Amino acid sequence: MIRFIVQRFLGMLVTMFFVSVMVFIIMELPPGDYAERYAFRKFSGTGVTVTEADVNNIRVKLGLDRPAYERYFSWIWGIVTKGDFGPAFAFETSVNNVIGQRLWLTLAILFSTLIVTYLVSIPIGIYAAVHRHSVADYSLTVLSYLGLALPNFLLALILLYISVTVLDSSVGGLFSQEFEGAPWSWAKFVDLLKHLIVPAVVLAWSATAFQLQTVRATMLDELNKLSVTAARARGIPEWKVLLKYPARLAINPVVSTVSFDANRIFSELPIVALVLGLPELGELLIKSYIDLDMFVAGAILLMLTFMIVFMNFLSDIALAFLDPRIKLEGG
Amino acid sequence: MSTNELSQRELTQQDRAVQERESQEALRYYSATQWQLVWWRFRRHKLAMAGGLFLALLAFLGIFAEFFGPYSGVTRNTDYLLGPPQIPRFWDENGFSLRPFVYGVTTERDPVTLRRIPTIDREVRHPIRFFVRGEPYTVLKVIESDIHLFGVEEGTVHLFGTDPLGRDLFTRTLIATRTSLSIGVLGVLIAFVLALIIGGVAGYFGGWIDYGIQRLTEIVRVIPVIPLYMGLAAAFPREWSTQQIYFAMTLILGLVGWPTLARRIRGQLLTLRTEDYVVAAQIAGASAARIIGRHLLPAFASYIIVDLVISFPYLILSETALSFVQLGLRPPDISWGILLQDAQNIRAIEQAPWLFIPAAFVVTAVLSFTILGDGVRDAADPYTVSGS
Amino acid sequence: MRNSIGTSETSMNGTSLDGALLKVENLRIAFRTDEGQIQAVDGVDLTAQTGRTLGIVGESGSGKSVSTHAIMRLLPGTAVIHPDSSIQFRRKDGTVVEITQLAPTGREMRAIRGGEIAMIFQEPMATFSPVYTIGNHIMEAILAHEEVSKQEARERAIHLLDRVGIANPSRRVDQYPFELSGGMRQRAMIAVALSANPSLLIADEPTTALDVTIQAQILALMRELQEEMGMAILFITHDLGVISQIAHDVVVMYLGQIMERGTVREVIKEAKHPYTQNLLQAIPRLESLGQRLHAIGGRIPSPMERPPGCPFHTRCPQAMPGVCDKAFPETTHFSPTHEVNCFLYE
C-alpha cells in the first residue's frame, strides 16, 4: 500500500513537470513580449517616443532577453523553492500578491461545488435506479438532460437576472456590502456561505446531472448481478442489500472521476465567476489573458492544474481503499 | 434422427401463411447489414429522431440564414436601438387581417431621463410580404440573390428585436447558428482525424509509442479545458482577420478535443485485438486489412460515432463561452457567444430580455445533440435491448 | 396479506405435507413483458424429503431455475405466481407455511431465506461481492439469523470453512474472493449457505462451471454434509451423469412442465419418456467412439411459442400427429414412485 502511494506520488510529480513545460509554452505563445506592451503602456500619452533601445532596456531589466530554457528554469526554481511565481507586470507587483486571497476562494468554491454535487447525485441516482421506470425516474432523466444542455454561465446569467428583477437583490459578488472589508467573524462566514451557494449550485448543475446518470447506470448494472440475488438468498434485509452491495460499487466510478469533475469545474469557473463577479482565480485568468499578463496566467494555470492532478492522486488512493482488487494487485 | 418434423406434418393454410411471413421477415432481419440494423433501431427512438430533425432544421436555417432573415447581419436601424421584438399578428382591436402585420415603431423621449426609448406604435400597421427583395447576399459564396423570405415595404420587422446598435437580432441569430454549428462540425472533424491517427498509432503499435502517447494525452487532459483554450486563443495576434481567427478557433477546438477520442480509439483497438473472433478470423486466414476493416472497425465504429455526436455540444458550448468572454471569435463575426456578449450585464438584461434569445438556441441545439447522441448509442449498442 | 398457517400440518388448500419438508403443487409462473405474459412454468409438482436429494433435470429454458427461485421468493417483480399454485414448507419449529402467501421481502420470508432454505449458485465468483472478504459474507449470513457476537460469528465462519474442506481457514476467512481458486470459492459458497443450518439446500447448477475433478470433490462434500446434517437437497443440473452421483429422486422438466419423475435408478435405468431417453443417449460413451454424437433434433422452443399439447412433440422422434399436439398427456404410473406424462403409455 505504501509502495502504491509512493508510486502514485512520483507519477504526480512527473506529470506536473510536463504540465509546467506545457504551461510555459502557452505563456510564450502570444506574439511580442511584455516588454513592448509595458513600454507602450508606460510611455503612451506622455508624448515620449518609444525607441527600440528603450524597449530593449526594459527587456533586459525584466530578464526577458534570456533564452527560453533559462527563463523556464528560473521560473520553476522560484516556484518550487520560494513559492514565488514571478512579477505580475500589469499590476506592478508580484504574482503572489495578486493571487493571494483568490486562491482560497477558488478552493472554497471547488469544494462546496463537489460537496453539493455528490450529496445530491449519489442518493438520487441510487433512488432512481431502484425505482426504475417510475415517474420520479423519468422526470429525473429529463432534468438531467436539461442539466447537461444548459451551459453554466447561462444559468448564472438567468439566476442573476431573476435575482435582480424578482428578488431585487444581487447574488453576485462574494460578500454583502457590510462585510466587504470587515474582519473575519462568524457572521461573515455565514454570509460567505450564503454567497457561495449560488456559484456552487450553478457549477454543480451539470456535474450533478452527469454523476446522477452515472450512478444510476452503475446501480442498474449492479442490481442485476448475482451477488445481489445471493445476498437476498441469505436473508439480508432489502435496504441493507441495496446499500452494502450495489451502492457500494456504484460509488467507485464517482470516486475515480473526481478529478475529472474538478477539471470541468475549473473550466467553467472563469466564466461563471465573471458573470457573478466573484474574485477568484478563473476570473483573474480571463483578465490576464486579455491583458496578456502571462506570468499571472501561467501561475494560475499551474495552480489549477496542480489541484486537479492532486485530486487525481487522492482519488487513486481512495479507490485503492475502496476496491481491494486494486490495492492487492498493485493497480 | 429426423431434423424438422414440422415439415412432415399437415399444416393448416393459416399456419403456412404465418410461416411464410415470418420467414420473410426473418430473412430480411438476418440478411440486413449492420448499418441497416442500427438505422432500424434508431428509427424507433422517436425522441432521438426529433432531435436529429431539429438539428437538421437548424442547419438548414443557418445555411440560408440571409434568405430567412429580413436584414443582413450588420445593418443598423438607428431609429430602433435595443428595440423590443415586433411580433407578427393576425388581428387586433382594429380587425382581422389575412396577411400578418407588425406594428410600426417610433422613438420617444423619456420625459425623466431624456433618453430615446423605442416604442411600439399600435396605430401604424405594416403588412408583412413574402419573398421580398432586400439586401443582396451570397449563399455559400456561390449563389447570389437578394430575395428574403419575408419583409415589410415600409417600417421594420424585427422578430427578435434589436441589439444596442440597432441590428436585427433575428437575422443575426440565424447567421450565428451557421457559424456556431459549422465550428462544431469542423472542430469535431479535426479532433476526429487527429484522434484516429494518434489513437490508432498508439493502439496498433503498443509498447513505447503507446506509453509515450498515453502520457501526452494525460497531460493535455489534466489541464482544465477552457483555460487551456483561452491560453491558446489569447495568442491570436490582434491583426488577424475574422476569417483567420475562425479557422484558428476550429483548429484549437479540434486540437484540444482529441485526447478523449484518441483514448477511446486506442482502448477499443487494444481490447478488440485480443477478442476471440479476431483470433478466429486470423486462424481462418484473413488478412490484417480485412480483419481491421471488416471486424474491428465496425465493432467500435458505433462507439466512435456516439463519441463524435456527444462532443458536438461540448465544442459548441466552448466556442460560445470563449466568444462570450472575448477570447474567441471577434466582431464583426457573428456567433451565439458574440451575441450573448450583449447580455452580459444586468442592466442590459433588465431592459432588454430578448437579448437572451440566442441562449435558447444554444440550449435547444445542445439538448438535441445530447438526445440524438443517446439515441444513436442505444441503436448502435448490440448489447442493450431496445425499447427498455 | 395472509400469513403462515397455525401449528397443524395441514395447509390452506387442505392437503398435508405427509412428512415431506417441502411440497410444491401446481406451480405456475408467468412473466409480464412488453409482449404480454409469458408462461415459464406451467404446472409443476415436486416434494423434498429430509435427508434426500431431488435432482431436477432439464435444458436451459425448462423452467428449473425459475421454479426454485420461486420457492425462495427471489423472482423479479415482473414474475406472477398463479394464485392456484402452492408451496408448502415445514419450518424448523414445526409450523407449516404457505410460501406463496408470504411477502417476498417481509420478515418471515427473510428468516426462512438463508436460515432454513439456502441456495448455492452456478458462478461462485459472481455470487460474492468483490469488495468484501469471504469471512464478511459468512458472518453477515450468520448475524442475519442468529443473535451472536461478532467474535463468535467469526469463529463459526472459520469452523465452517474448515468443514467444507478449505485449508488454512483462519487465513482464508480474511481474504477476498478473487484470492481463492475456483474450487475453493465453490466450497466457500457452500460454507455461506450452511452458516445458519438450513434444512433445505437448493443447488442451482453448482458444478456446471467446474472441471470434472473438482466437480467430484464438491459432490462428495455435499453428500457428506447431507449425511451429517440431514439436509434435503434440490439439485438442479442438465447433466445426467451428475444426477446419477448425487440424487435419490429425479424429475425431468421440459418447457416448464414435468415429463417424467422417479427414483434415480428408475429414471436412468428404465427411462420411459422419449425426452429422458434422448438425454441419456446424448451422453457420449467410450463405446460410441468414432460415431457421430447423438443430439436431439431441433431447438427448445421459446416460451412465447409454446407448442400445443405435449411441449416436446415438435422434437420427439416418436410423436404421434393428431394425438401429441392436442392435449397434455395424463400421468401414467409405473411404480409408486415412477411416473411419466406421455401419450405413448396412455
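Chains as they are written, first to last, in the numbering used here: chain A, 20 to 350; chain B, -19 to 368; chain C, -4 to 341. Even glycine gets a Cβ: it sits at the ideal position worked out from N, Cα and C. No experiment lies behind these values; they were computed from the predicted model shown.
1. So Ala340(B) and Ile290(A) are supposed to be a Cβ contact under 8 Å. How far apart are they, rounded?
2. For His268(C) versus Val335(C), is the C-beta distance shorter than 7 Å?
3. In whole angstroms, give me the CA-to-CA distance for Glu282(C) and Val245(C).
4. Under 7 Å, Cβ to Cβ, is there at least one residue of chain B near Asn282(A)?
5. Is there at least one Cβ from chain C nearer than 7 Å to Ala362(A)'s Cβ?
6. State the DSSP-derived secondary structure class of Glu93(C), mapped to helix, strand or coil.
7. Could one say the Cβ of Ala198(C) lies closer than 7 Å to chain A's Cβ atoms, at least one of them?
8. Is the beta carbon of Ile238(C) less than 7 Å from the beta carbon of Gly50(C)?
9. Output needed in chain order: residues of the segment 309 to 323 of chain A with a Cβ under 8 Å from some Cβ in chain B.
10. Would you decide whether Gln262(B) is buried or exposed? Buried here means 16 or more other CB atoms lie within 10 Å of its CB.
11. Check the Cβ of Pro207(B) against every Cβ in chain A and list those closer than 8 Å, keeping chain order.
12. Let me know the secondary structure DSSP gives Gln240(C) once reduced to three states.
13. Is the Cβ of Val165(B) closer than 7 Å to any Cβ of chain A?
14. Given this structure, state the Cα-to-Cα distance separating Ala201(C) from Arg180(C), to the nearest angstrom.
15. What is the C-beta distance between Leu231(B) and Glu299(B), in whole angstroms, given that I count them as a contact (C-beta under 8 Å)?
16. Taking the Cβ atom as the reference point for each residue, do Ile108(B) and Pro50(B) lie within a distance shorter than 7 Å?
17. When the distance is taken between beta carbons, is Leu338(A) closer than 7 Å to Val273(A)?
18. Using a Cβ-Cβ cut-off of 7 Å (strictly less than) and excluding sequence neighbours within five positions of Leu176(B), which residues of its own chain qualify?
19. Counting only C-beta atoms, is Arg108(C) closer than 7 Å to chain A at any point?
20. Would you report the Cα separation of Met184(C) and Met330(A), rounded to the nearest angstrom?
21. Is Ser368(B) helix, strand or coil by DSSP?
22. Using a C-beta cutoff of 7 Å, does Asp335(A) count as contacting chain B?
23. DSSP state of Ala113(C), grouped into three classes?
24. Less than 7 Å between the C-beta atoms of Val202(B) and Ser286(A), yes or no?
25. Can you check DSSP and say which residues form a bridge with Pro98(B)?
26. If you count every other CB in all the chains shown that lies within 10 Å of the CB of Thr118(B), and 16 or more means buried, which is it?
27. Beta carbon of Asp37(C), beta carbon of Arg47(C): below 7 Å?
28. Taking a Cβ distance cut-off of 7 Å, strictly less, list which residues of the segment 46 to 74 of chain C are near chain A, in chain order.
29. Beta-carbon separation of Thr63(C) and Ile197(C) under 7 Å?
30. Rounded to whole angstroms, what's the CA-CA distance from Phe216(B) to Ile141(A)? Just pull it up for me.
31. For Glu241(A) and Leu124(A), which I take to be in contact (beta-carbon distance under 8 Å), what is that distance rounded to the nearest angstrom?
32. Which stretch, first to last residue, makes up the beta strand (DSSP E) that contains Glu20(C)?
33. Taking the straight line between their C-alpha atoms, what separation do you get for Asp354(B) and Ala28(B)?
34. Can you tell me which of the three DSSP states Asp40(C) falls into?
35. Going by beta-carbon coordinates alone, are Thr157(B) and Leu38(B) separated by less than 7 Å?
36. Let me know if Lys59(C) comes out buried or exposed under the rule of 16 or more other beta-carbons within 10 Å of its beta-carbon.
By the coordinates alone:
1. The beta carbons of Ala340(B) and Ile290(A) sit about 18 Å from each other, so the pair does not count as a contact at 8 Å.
2. Closer than 7 Å, so yes.
3. If I take the Cα positions, the gap works out to 26 Å.
4. yes
5. One cannot answer for residue 362(A) here, as it falls past the ends of chain A, which runs 20 to 350.
6. In the three-state reduction of the DSSP assignment, Glu93(C) falls in the strand class.
7. no
8. yes
9. Ile309, Leu311, Ala316, Ile319, Leu320 and Leu323
10. Exposed is the call here.
11. Phe285, Ser286, Pro289, Gly301, Leu304, Ile319, Leu320 and Leu323
12. helix
13. no
14. Inspection of the sequence shows that residue 201(C) is occupied by Pro rather than by Ala. Between the alpha carbons of Pro201(C) and Arg180(C) lies a gap of roughly 11 Å.
15. Contact between Leu231(B) and Glu299(B) is ruled out by a C-beta separation of about 12 Å, above the 8 Å threshold.
16. Not in contact: Ile108(B) and Pro50(B) (Cβ atoms no closer than 7 Å).
17. no
18. Ile245
19. yes
20. 39 Å
21. Because the pLDDT at Ser368(B) is just 30, under 50, the model does not fix this residue reliably, and the point stays unresolved.
22. no
23. Judged by DSSP in its simplified three-state form, Ala113(C) adopts strand.
24. The answer is no: Cβ separation not under 7 Å.
25. Thr87(B)
26. exposed
27. no
28. Met67 and Leu69
29. yes
30. Spanning the two alpha carbons is a distance of roughly 42 Å.
31. Contact flag wrong, Cβ pair sits at about 38 Å.
32. Leu17 to Thr28
33. 7 Å
34. strand
35. yes
36. Taking all protein chains in view, the Cβ of Lys59(C) is crowded by 16 or more other Cβ atoms within 10 Å, so the residue is classified as buried.
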